[in-house]
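To keep things clear, I will list the structure first and then write my remarks on it.
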Amino acid sequence: MYLVEFGALVVAALAGAALCLLLLRNLVRPEIGFWPAASDRQKALALVLFRVFCAAMVVEAGLMLWLHGFGNWSRYAIGVPIMVGAYAMSLWAYKHLGKENTYFATGGLVTGGVYAYSRNPGYVASLAAALGLAVVAGSWSVLALAGGLFLIYFLFALNEERWLRQGYGHAFIEYMRQTPRFLDLRSLERAREELLARL
Numbered sequence: 091m092y093l094v095e096f097g098a099l100v101v102a103a104l105a106g107a108a109l110c111l112l113l114l115r116n117l118v119r120p121e122i123g124f125w126p127a128a129s130d131r132q133k134a135l136a137l138v139l140f141r142v143f144c145a146a147m148v149v150e151a152g153l154m155l156w157l158h159g160f161g162n163w164s165r166y167a168i169g170v171p172i173m174v175g176a177y178a179m180s181l182w183a184y185k186h187l188g189k190e191n192t193y194f195a196t197g198g199l200v201t202g203g204v205y206a207y208s209r210n211p212g213y214v215a216s217l218a219a220a221l222g223l224a225v226v227a228g229s230w231s232v233l234a235l236a237g238g239l240f241l242i243y244f245l246f247a248l249n250e251e252r253w254l255r256q257g258y259g260h261a262f263i264e265y266m267r268q269t270p271r272f273l274d275l276r277s278l279e280r281a282r283e284e285l286l287a288r289l
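Residue numbers (the numbering used here): 91 to 289.
This is how it looks when you write it as structure tokens:
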């Protein structure tokens, strides 16, 4: 059984490493057009590698629970609400962005709603869900895979930002100046101000 656990880690590592190398190569040579994908084949490759990585992380978490027991209830009291909240946030983010813009249509630059706090709220939500999963699994290996997911999202974001600068020009550059790539103190300050304005 431990061989299966090791296998999930190997699959995640290989898929994640391949995706990171392709994204890094695309940063150096953007004419390749790997991400955002210039062709359906490149898009399919990126999405398959990404989904294999994520699936392997979930399998690893499940195996950790199955092999090592379900542990203390406190892991669930902390991890499950993080995952549920993250899932709700990702749905909110995709609703604001719209399905077409999620897949690189040029329907307009979205800067309101949850996008006023982060340029990549879907990525932030997914990372939070991965951290919640690591807490539930009580697993350092799942936490390490969540770190790998951060690296993948960071490279996705760098590649997407170049594409968005080309497509939206000064409007996106100004948005980059005002809104963090993921989250920072500006996000918290903006949320605090909005909350105080509603009181």
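Ideal Cβ placement from N, Cα and C applies to all residues, glycine included.
It should be emphasised that the depicted structure is a prediction, and the values quoted were computed from it without experimental measurement.
How is the alpha helix (DSSP H) around Trp-253 delimited, first residue to last?
As a first step, residue 253 is located in the sequence shown; it is residue number 163 there, counting from the start. Taken as a continuous stretch (DSSP letters only), the alpha helix (DSSP H) holding Trp-253 covers 230 to 258.
My understanding is that Ile-242 touches Phe-160, with C-beta atoms under 8 Å, so please give their C-beta distance in whole angstroms.
Taking the sequence shown and counting its residues from 1, the one referred to as residue 242 is at position 152. Taking the sequence shown and counting its residues from 1, the one referred to as residue 160 is at position 70. Not quite, the Cβ-Cβ distance comes to about 29 Å (not below 8 Å), so this is no contact.
Just to confirm my understanding: we take Met-179, look at its own chain, exclude 5 residues before and 5 after, and list those with CB closer than 6 Å. What are they?
Along the sequence shown, read from residue 1 onward, the residue named residue 179 stands at position 89. Counting only Cβ-Cβ distances below 6 Å, and skipping sequence neighbours, we find Ala-215.
Beta-carbon separation (whole angstroms), Ala-151 vs Ser-229, contact threshold 8 Å
Within the sequence shown, the letter at position 61 stands for residue 151. Within the sequence shown, the letter at position 139 stands for residue 229. Indeed, because the Cβ distance is near 6 Å, the residues count as touching under 8 Å.
Cβ-based neighbour list, Leu-199, same chain, cut-off 7 Å, excluding 5 preceding and 5 following
In the sequence shown, counting from the first residue as 1, residue 199 sits at position 109. Answer for Leu-199: Tyr-258, Ala-261, Phe-262 and Tyr-265, listed in chain order.
Quick check: what's the CA-CA separation for Arg-288 versus Glu-279?
Walking along the sequence shown from the start, residue 288 turns up at place 198. Walking along the sequence shown from the start, residue 279 turns up at place 189. So the alpha carbons of these two residues sit roughly 14 Å apart.
Determine the direct distance from the alpha carbon of Leu-248 to that of Thr-201, and round the result to whole angstroms.
Within the sequence shown, numbered from 1, the residue matching residue 201 stands at position 111. Within the sequence shown, numbered from 1, the residue matching residue 248 stands at position 158. If you take the alpha carbons of Thr-201 and Leu-248, they lie about 18 Å apart.
Which same chain residues, not among the five before or five after Val-101, have their C-beta less than 7 Å away from its C-beta?
Position 11 of the sequence shown, counting from 1, holds the residue named residue 101. These residues qualify, in order along the chain: Val-142 and Ala-146.
Taking its Cβ as the centre, do 16 or more other Cβ atoms sit within 10 Å of Gly-188, making it buried, or is it exposed?
If you number the sequence shown from 1, residue 188 lands on position 98. So Gly-188 ends up on the exposed side.
If Glu-95 sits next to Leu-155, beta carbons under 8 Å apart, how far is it from one beta carbon to the other, in whole angstroms?
Counted from its first residue, the sequence shown places residue 95 at position 5. Counted from its first residue, the sequence shown places residue 155 at position 65. In this structure, Glu-95 and Leu-155 do not form a Cβ contact; the two beta carbons are roughly 11 Å apart against a cut-off of 8 Å.
State the DSSP-derived secondary structure class of Tyr-166, mapped to helix, strand or coil.
Counting from 1 along the sequence shown, the entry for residue 166 is found at position 76. The answer is helix: DSSP assigns Tyr-166 an H, G or I state.
If we call anything under 8 Å between Cβ atoms a contact, is Gly-222 one with Ile-172?
Residue numbering aside, residue 222 sits at position 132 when the sequence shown is read from its first letter. Residue numbering aside, residue 172 sits at position 82 when the sequence shown is read from its first letter. Taking 8 Å as the Cβ cut-off, Gly-222 and Ile-172 qualify as a contacting pair.
Taking the alpha-carbon positions, what's the Tyr-177 to Gly-203 distance?
Indexing the sequence shown from 1 puts residue 177 at position 87. Indexing the sequence shown from 1 puts residue 203 at position 113. Going by the C-alpha atoms only, they are around 16 Å apart.
Of the residues Val-170, Glu-121, Val-138 and Trp-253, which one's Cα is nearest the Cα of Leu-104?
For the purposes of this step, residue 104 is taken as the residue at position 14 of the sequence shown. Minimum Cα distance to Leu-104 is reached at Val-138.
Between which two residues does the alpha helix (DSSP H) holding Asp-274 run?
Against the sequence shown, residue 274 aligns to sequence position 184. Taken as a continuous stretch (DSSP letters only), Asp-274 belongs to no alpha helix (DSSP H), as it is neither H nor E.
Alpha helix (DSSP H) segment containing Leu-153, residue limits
Along the sequence shown, one-based indexing puts residue 153 at 63. From DSSP, the alpha helix (DSSP H) with Leu-153 extends over 130 to 158.
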